[in-house]
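Participant: Sharing a structure with you now.
Protein chains: 6
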Amino acid sequence: MLSAMKHVTLLLLSGALFGQPTPLTVSAPPNQLPPSVATRLSPADRELFGKLMQVGLETAWAAVTSEGYPQNFVNELTPLHTGRRMVGRARTMRYLPNRKDLRDKLYSQGPQLNYRSAEEAQPGEVLVFDTGGESRSTVSGAITTTRFLMRGGAGIVVDGGMRDVPDLRAMPMSIYLRSGHASSVSPILMSADYQVPVRIGSVTVVPGDILIGEDHGILVIPASIVNKVLSTALSHDEQEEFQRHLLLQGEPLPGVYPTLNETNRKKFEEFKKRKK
Amino acid sequence: MLSAMKHVTLLLLSGALFGQPTPLTVSAPPNQLPPSVATRLSPADRELFGKLMQVGLETAWAAVTSEGYPQNFVNELTPLHTGRRMVGRARTMRYLPNRKDLRDKLYSQGPQLNYRSAEEAQPGEVLVFDTGGESRSTVSGAITTTRFLMRGGAGIVVDGGMRDVPDLRAMPMSIYLRSGHASSVSPILMSADYQVPVRIGSVTVVPGDILIGEDHGILVIPASIVNKVLSTALSHDEQEEFQRHLLLQGEPLPGVYPTLNETNRKKFEEFKKRKK
Amino acid sequence: MLSAMKHVTLLLLSGALFGQPTPLTVSAPPNQLPPSVATRLSPADRELFGKLMQVGLETAWAAVTSEGYPQNFVNELTPLHTGRRMVGRARTMRYLPNRKDLRDKLYSQGPQLNYRSAEEAQPGEVLVFDTGGESRSTVSGAITTTRFLMRGGAGIVVDGGMRDVPDLRAMPMSIYLRSGHASSVSPILMSADYQVPVRIGSVTVVPGDILIGEDHGILVIPASIVNKVLSTALSHDEQEEFQRHLLLQGEPLPGVYPTLNETNRKKFEEFKKRKK
Amino acid sequence: MLSAMKHVTLLLLSGALFGQPTPLTVSAPPNQLPPSVATRLSPADRELFGKLMQVGLETAWAAVTSEGYPQNFVNELTPLHTGRRMVGRARTMRYLPNRKDLRDKLYSQGPQLNYRSAEEAQPGEVLVFDTGGESRSTVSGAITTTRFLMRGGAGIVVDGGMRDVPDLRAMPMSIYLRSGHASSVSPILMSADYQVPVRIGSVTVVPGDILIGEDHGILVIPASIVNKVLSTALSHDEQEEFQRHLLLQGEPLPGVYPTLNETNRKKFEEFKKRKK
Amino acid sequence: MLSAMKHVTLLLLSGALFGQPTPLTVSAPPNQLPPSVATRLSPADRELFGKLMQVGLETAWAAVTSEGYPQNFVNELTPLHTGRRMVGRARTMRYLPNRKDLRDKLYSQGPQLNYRSAEEAQPGEVLVFDTGGESRSTVSGAITTTRFLMRGGAGIVVDGGMRDVPDLRAMPMSIYLRSGHASSVSPILMSADYQVPVRIGSVTVVPGDILIGEDHGILVIPASIVNKVLSTALSHDEQEEFQRHLLLQGEPLPGVYPTLNETNRKKFEEFKKRKK
Amino acid sequence: MLSAMKHVTLLLLSGALFGQPTPLTVSAPPNQLPPSVATRLSPADRELFGKLMQVGLETAWAAVTSEGYPQNFVNELTPLHTGRRMVGRARTMRYLPNRKDLRDKLYSQGPQLNYRSAEEAQPGEVLVFDTGGESRSTVSGAITTTRFLMRGGAGIVVDGGMRDVPDLRAMPMSIYLRSGHASSVSPILMSADYQVPVRIGSVTVVPGDILIGEDHGILVIPASIVNKVLSTALSHDEQEEFQRHLLLQGEPLPGVYPTLNETNRKKFEEFKKRKK
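Pasting the structure below:
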């Protein structure tokens, strides 16, 4: 996806500079961090999250893959919202089919993990629930999520179900799930593990991973490579912005995409200069 | 879900009384009965449907379950609309795979049941079609549903398909289905039984059941317990409204949710008084 | 579905002529060809596409079926947009699981078929990708589709995945797919065949077929029968418009639908005259 | 499938008459009615069941389809045994998701229908349970089936689950199901309707239907056409036996199958005479 | 299922004592512990496993459920063998989608868990692999399983795949899986956790759990209740043996099953005495 | 899998040489080419097929993968037989959903491709039918397959259905399919393409590919690399045979598998010499 900045640029370029009367819309509107998150982030995170909101999801995917992580995109869940990008850090939980002896043992050690995670969440975090795809139960609902919002929560990812779906849909938060249900957690499920690696779809999510979610899925970026990924991807985005600009002027694909020919590569260098 | 009344209250409380500058939206807008239904209901039903529009779906589910009905939530279908609550009484039909001998016998006794049910429907009813999940055929379309609308029809629930989906989507009605198709009923299906218990997803629906549907599924309430369920659930909704209010003020979960501590329980008593 | 013209008529009739104070909305808004397509079509196609935008999908399905094509409706894919009708001519491609020897051979003969098809597309065409339902890969994304838009492309149908979903959603184009992904085509898939008969869902699509897509699926019309289908279906639409009009006046189904009785048939003849 | 008689004939023909040293096995061994059924049938049924054991399943399917029943083959279930043909008359039951009010009402009227059906079964009957595909529960087990066996029961068809699978597998009976489970009927299911039309896979089964089951599915024959179907199919089997015989002699397909040429048709007439 | 002892008894009773000429087979042959397991068990375990081989699976399920464990039966996997009962103690592992950073960390701490578990297994153990249902990869194959056999391994349960299926099928061991594949563990999966609670199908399995597997699924018994379960179930088996005996004599279900009437209850008391 | 030769060797070694009283069976019986195939192969193919019957499927998979073909194993189909290895060369066909205009055109050019392929098949070939997973129709049955057997046909692979399953099961041939049905090809499907690359499960099969099938799937080997694959795999099989032999003597995994330590590597060199 083109970044927010590019989005604006493109419209200006194609609409104004090149005099095309009715410019085609070919990219989504810019992404915005919800104020409930933005106002609570540290300055360092605000800068990081700004870039994560701007980077192309597909170029970031390519960078993550070329770093040795080809299995890091979750596309098995359904987002509650479209046209909204999720950016955040993973706080993970594993849920298991309910079982009396283990449940008694686990719950004697503290509250259910949906309560604990909402309460302990740091600004910009995403709660990640692995329930093995269970669709007859839920892991959380609107009230606990209200607390999570007040803590600066950025999103929820559940390989399973949630309740209170219309309320969740009204919240300034990104939520991905398998299905909704009116049920509570029990009697089908119980929370078991906190902040361990979990499976979401066919991807392993580790606590602290950086997540970028769009309509069609969630990219999971190991924290240790996020800066490298951003740098590579943002640089590639710049070229894609230029390629799209050429196409909107009516140029054919050969020579433009996927690879610029020599003429266009020179134009691209000028394009980059002009933008600065 | 919070009720409509609570929704308004909450905004007032958090926005005005407690001086929070930009209150978070944490609940869906109030539900409204479509005029085509509301104007045709009897006074008694208008009162009942008013409460059904207001009650929390999840608290109602809990009350239904505690009455001995743990298998009464359908989450296997897809709603045509989001952000719209369905409330109504079930009028049921069973469809079967088409078969010449049986079809000849059944159809000699009267018209297809989609016609009959649309014509006989009472205001506030929901047509419930059990087709065993068949996705290559449909049970009804926009024209028959127009008649159903004129009769005060409130919704349609099909464990199968419907045609004319864009028209259906434009109607003031709630519709849940497995899939759409352009096909007529035959040659795949035929209508077989009228006003008998049917299976929708993994739930048995009986004629006269009260249905509450939201984005994530449909709660099936036996008519004999609907008053008890409403009373229990509405009372619990009041507490959840207060709990959400406390959380929006910044209080942590412990002491607030799922259980109020003593201090907050006293505050809740005052909260209830103030509301009257 | 009722046609655009009928839509307007109906509102006038039921709202103004018959004095019903708050007319029910029972049909979707009129369909419109995107300017990026309309402005590029030949005069002959502009007329044809106009009718295709207007005809009822279900009546067209019935006409196609009665011509001997009962397996011509695709309802296994998900549209990126609702409330938008797709009309276009099929340009087909077959993708296969990636395999080094065959890929080397195929790609030595020319570019990937997503590039080639976008570049060669004629105004009003729909790119049709058969990938066997593969959900872990994609066949194309926003940049190539930008070129396709500039060529007057009307839609994309993929029995598989696409990337850049938010950008695609912003475009004036109709897109049907199984799933989204951030991945490129390889390493899972490769393009193999161009302009051959392909399987989409449970339907065979042949290059040059006329496609009409709505929220609930895509009707595949062999080019050789499109005029006959349009003529039959538009004539039947006129009757359905009248039937809906009677129902909105409060008439019961018997005598109106599915078959007009003698009285109503006479009224229909007058209705048709009045409209001219 | 070739009939039992044909099977023997073929081996004789190809092995002895035509001197082929190691004849290929190209048909399954002859089918046999279990003694527990055979000894309890009426003379008329013994003759009928004898033909049903002998007729080709595919030729019978073709005859059923040409009589106007194209949707009468169940291939969604799994047989507990392979190499065993089931023949019998349907005794049907419909099970529904459990629900306290309805269950109390139904069970006050008599025992669960698995008990009732086993007790009332006539020799040569097949119990047919429609549970909507439920895999977390069962409808019956080995003890009730023991009683059914003692009554001359021929088979069980469940669109759902059974318990005691190893015991069932040891019994001289044909059983088709979705899955096994150790559970009892409740708390998931309850029996609801007896001897009504039911849905098994995508087929409607009516009480009294004749069922023929093999490894790959169950043909459902309306009782009223069974004699016509047998007559048509057995006659066609005779030709297929001859065709296979020609192929085993080394003749090529053209002229033999699917249609005999004139020379082979004459040979077929002689073949039929020789067999009498 | 009837136990081994009961099986023999029944045949004697019905065949010899009661003079029925051709007794029906209504129960599976007795279960036997493979010598590779039996010879390696401790005396205490040999006695325990003997009872576990003998107890009815369905009566044990009922006892487990009545102890408060209604979600303890796995019926989502496929056994490699039919007619073979698995009995053993769970040794559990969790596998996750492969991911370079985590894999490097985990594998630096020791060998893959399939190697470790085979090497550390105690006689009578069952290796339990949770892979989240992954079908494109495997967790182990014939060579590692050979070592596990030499250690007295009793079975393998994989919510995923194994390789070398024909060799595994030849081994004196019970194996349950989702699918086979020729692939190694990587690049799709990696082993992550050892001897932790895992999810298999919709059941939580804890290290040390007692497993009983038959053709149709696996009962998971918490170690702490195994003696109580055995005692309850074996006692109930005795009654079922008597009930089946009565039915084989031709008695009808009422008065026999599911509940004995007074006359039959007295006969049962004598039956129990005679057996001692 | 261990090869046939190794199988025998192992039993001798573990049973006789090393004096273990009751040797464990840890590998499947040797594979055998059916006489109907073996007697018809050319000398060169007889040698090749002999090696293909002997090589380990998993070691061959590893060799194919390391040659650059990681997506060449089909595990989505069900074999009609277990314990039988299929070896053969692919003859491919593509079937499409039936459609009158295209069917008329295709069938005017020659017979249905199941007839043509059976008639043109060369000894040792496997017919490969791509039908897109269609389960409501079949591509061929017992009579056409009889002709194919007479031509030396080795197997059939259908991503869809076949009829006459009991007869097919009786034949000396390996068959893989999705499901059985009693139906003919039409009216659901039609044959479309002959000897083109096709998709089976998630693998591309090219005419002339070498296929090895076992209980758990089919390895697809491009003809150009088959000799290299065999050479690599057979050499690795020899080591696996030795590793299994060490384990059967009671050695632990470390030092034996997956990697031999220095001591065992020397023993392996002696083992290889002894075998010659």
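Chains A, B, C, D, E and F, in that order, are what the protein sequence lines are.
With my numbering, the residue at position 232 of the first sequence is 232, and numbering never jumps.
With my numbering, the residue at position 264 of the second sequence is 540, and numbering never jumps.
With my numbering, the residue at position 113 of the third sequence is 665, and numbering never jumps.
With my numbering, the residue at position 49 of the fourth sequence is 877, and numbering never jumps.
With my numbering, the residue at position 10 of the fifth sequence is 1114, and numbering never jumps.
With my numbering, the residue at position 204 of the sixth sequence is 1584, and numbering never jumps.
The beta-carbon is built from N, C-alpha and C at its ideal position, and this holds for glycine as well.
Would you kindly check if the distance between the Cβ of Thr-690 (chain C) and the Cβ of Arg-655 (chain C) is under 7 Å?
Facilitator: Taking 7 Å as the Cβ cut-off, Arg-655 (chain C) and Thr-690 (chain C) do not qualify as a contacting pair.
Participant: Using a C-beta cutoff of 7 Å, does Ser-202 (chain A) count as contacting chain E?
Facilitator: So yes, Ser-202 (chain A) belongs to the interface.
Participant: Do you know offhand how far Asn-1641 (chain F)'s Cα is from Gly-1635 (chain F)'s?
Facilitator: Each residue's alpha carbon lies about 5 Å from the other.
Participant: If Ala-1085 (chain E) and Pro-994 (chain D) are in contact, beta carbons under 8 Å, what's the gap, nearest whole angstrom?
Facilitator: The displayed coordinates of chain E run from 1105 to 1380. Any statement about residue 1085 (chain E) would go beyond what the structure contains.
Participant: Which same chain residues end up closer than 8 Å to Ser-384 (chain B) when comparing Cβ atoms and leaving out the 5 residues on each side of it in sequence?
Facilitator: Nothing listed; no residue qualifies.
Participant: Counting only the same chain and skipping the five closest in sequence on each side, list residues whose C-beta sits under 7 Å from that of Gln-71 (chain A).
Facilitator: Closer than 7 Å at Cβ, skipping near neighbours: Ser-202 and Val-203.
Participant: Can you find the residues in the same chain that come closer than 8 Å, C-beta to C-beta, to Leu-1529 (chain F), ignoring five residues on each side of it along the sequence?
Facilitator: Cβ neighbours of Leu-1529 (chain F) beyond the five flanking positions: Ser-1416, Met-1551, Pro-1552 and Met-1553.
Participant: For the 8 Å Cβ check, are there 3 or more pairs between the segment 470-477 of chain B and the segment 427-436 of chain B?
Facilitator: The segment 470-477 of chain B vs the segment 427-436 of chain B: in contact.
Participant: Between which two residues does the alpha helix (DSSP H) harbouring Asp-321 (chain B) extend?
Facilitator: Taken as a continuous stretch (DSSP letters only), the alpha helix (DSSP H) holding Asp-321 (chain B) covers 319-330.
Participant: In whole angstroms, give me the CA-to-CA distance for Gln-950 (chain D) and Ser-870 (chain D).
Facilitator: Rounded to the nearest angstrom, the two C-alpha atoms are 10 Å apart.
Participant: Expressed to the nearest angstrom, what Euclidean distance is found between the alpha-carbon atoms of Asn-1179 (chain E) and Val-404 (chain B)?
Facilitator: If I take the Cα positions, the gap works out to 32 Å.
Participant: Check whether the Cβ of Pro-373 (chain B) lies closer than 7 Å to any Cβ atom in chain D.
Facilitator: Closer than 7 Å: yes.
Participant: Given this structure, state the Cα-to-Cα distance separating Pro-297 (chain B) from Leu-372 (chain B), to the nearest angstrom.
Facilitator: Reliability fails at Pro-297 (chain B), whose pLDDT of 48 lies under 50, so the model's placement of it is uncertain and the value that follows must be treated cautiously. Whole-angstrom Cα-Cα distance: 58 Å.
Participant: Would you kindly work out how many angstroms separate the C-alpha atoms of Gln-801 (chain C) and Gly-608 (chain C), rounded to a whole number?
Facilitator: Whole-angstrom Cα-Cα distance: 22 Å.
Participant: Determine whether the beta carbon atoms of Glu-619 (chain C) and Ile-777 (chain C) lie at a separation below 7 Å.
Facilitator: Yes; because the gap between Cβ atoms is below 7 Å, this pair is in contact.
Participant: So, is Arg-825 (chain D) buried or exposed, given that buried needs 16 or more other C-beta atoms within 10 angstroms?
Facilitator: An answer regarding residue 825 (chain D) cannot be provided, because it is not within the stretch 829 to 1104 covered by chain D.
Participant: Rounded to whole angstroms, what is the Cα-Cα separation between Val-1444 (chain F) and Thr-974 (chain D)?
Facilitator: Roughly 53 Å separates the two Cα atoms.
Participant: Can you list, in chain order, the residues of its chain whose CB lies under 7 Å from that of Ala-1020 (chain D), leaving out five sequence neighbours each side?
Facilitator: Correct list, in chain order: Arg-922, Tyr-923, Leu-924 and Leu-934.
Participant: Hey, which unbroken runs of the alpha helix (DSSP H) at 4 residues or more fall wholly within the segment 639-681 of chain C?
Facilitator: Correct list: 652-659 and 665-672.
Participant: Any idea if Thr-232 (chain A) is buried or exposed, counting beta-carbon neighbours within 10 angstroms, 16 or more meaning buried?
Facilitator: Under this definition Thr-232 (chain A) is a buried residue.
Participant: Expressed to the nearest angstrom, what Euclidean distance is found between the alpha-carbon atoms of Leu-286 (chain B) and Leu-219 (chain A)?
Facilitator: Unreliable positioning characterises Leu-286 (chain B) in this predicted model, as indicated by a pLDDT of 41, which lies under 50. The coordinate reading is nonetheless provided below. About 36 Å.
Participant: On the DSSP letters alone, give me the boundaries of the beta strand (DSSP E) that Arg-1579 (chain F) sits inside.
Facilitator: First-last of the beta strand (DSSP E) with Arg-1579 (chain F): 1578-1580.
Participant: How about Asp-958 (chain D): is its C-beta nearer than 7 Å to some C-beta of chain E?
Facilitator: With 7 Å as the cut-off, Asp-958 (chain D) does not count as an interface residue toward chain E.
Participant: Would a C-beta distance cut-off of 7 Å place Leu-968 (chain D) and Arg-1006 (chain D) closer than the cut-off?
Facilitator: The identity of residue 968 (chain D) in the sequence shown is Ser, whereas the question assumes Leu. It is not a contact, given that the beta carbons lie outside the stated cut-off.
Participant: Whose C-alpha, out of E:Ile-1316, E:Arg-1348, E:Phe-1346 and E:Val-1289, is nearest the C-alpha of Pro-1183 (chain E)?
Facilitator: With distances taken between Cα atoms, Pro-1183 (chain E) lies closest to E:Ile-1316.
Participant: Whole angstroms is fine: what's the gap from Lys-1608 (chain F)'s alpha carbon to Thr-920 (chain D)'s?
Facilitator: Lys-1608 (chain F) and Thr-920 (chain D): Cα-Cα distance of roughly 59 Å.
Participant: Compare the C-beta of Thr-9 (chain A) with all C-beta atoms of chain C and state if any pair is closer than 7 Å.
Facilitator: Here the model assigns Thr-9 (chain A) a pLDDT of 37, short of 50, so the residue's position is not dependable, and the following value carries that caveat. Output row for Thr-9 (chain A): interface = no.
Participant: Considering only the alpha carbon of each residue, which of E:Tyr-1298, E:Phe-1372, E:Glu-1151 and E:Asp-1149 lies closest to Asp-1341 (chain E)?
Facilitator: When each option's Cα is compared against that of Asp-1341 (chain E), the closest is E:Phe-1372.
Participant: Near Asp-45 (chain A), which residues of its chain fall below 8 Å by C-beta distance, leaving aside the five closest residues on each side in sequence?
Facilitator: For Asp-45 (chain A), where only same-chain residues beyond five positions count, the Cβ hits under 8 Å are Pro-123 and Gly-124.
Participant: So with CB distances below 7 Å, who are the chain E contacts of Pro-1552 (chain F)?
Facilitator: Those do not exist, as Pro-1552 (chain F) stays about 18 Å from chain E at its closest Cβ, beyond 7 Å.
Participant: Please classify Thr-630 (chain C): does DSSP put it in a helix, a strand, or coil?
Facilitator: If DSSP states are grouped into helix, strand and coil, Thr-630 (chain C) belongs with the strands.
Participant: With a threshold of 7 Å between beta carbons, is Ala-1408 (chain F) in contact with chain E?
Facilitator: So, interface residue.
Participant: To the nearest angstrom, report how far apart Ala-1015 (chain D) and Tyr-1022 (chain D) are at their CA atoms.
Facilitator: Residue identity check: residue 1015 (chain D) is Pro in the sequence provided, not Ala. For Pro-1015 (chain D) and Tyr-1022 (chain D), the distance between alpha carbons rounds to 20 Å.
Participant: Any Cβ of chain F within less than 7 Å of the Cβ of Pro-1125 (chain E)?
Facilitator: Legend: pLDDT at Pro-1125 (chain E) = 48, less than 50; position of this residue unreliable, value from coordinates given subsequently. Not an interface residue.
Participant: Is there a Cβ of chain C sitting closer than 7 Å to that of Leu-1569 (chain F), yes or no?
Facilitator: So no, Leu-1569 (chain F) is outside the interface.
Participant: Name the residue from B:Arg-427, B:Arg-316, B:Arg-360 and B:Gln-330 whose alpha carbon lies nearest to the alpha carbon of Arg-392 (chain B).
Facilitator: Comparing Cα positions, the closest option is B:Arg-427.
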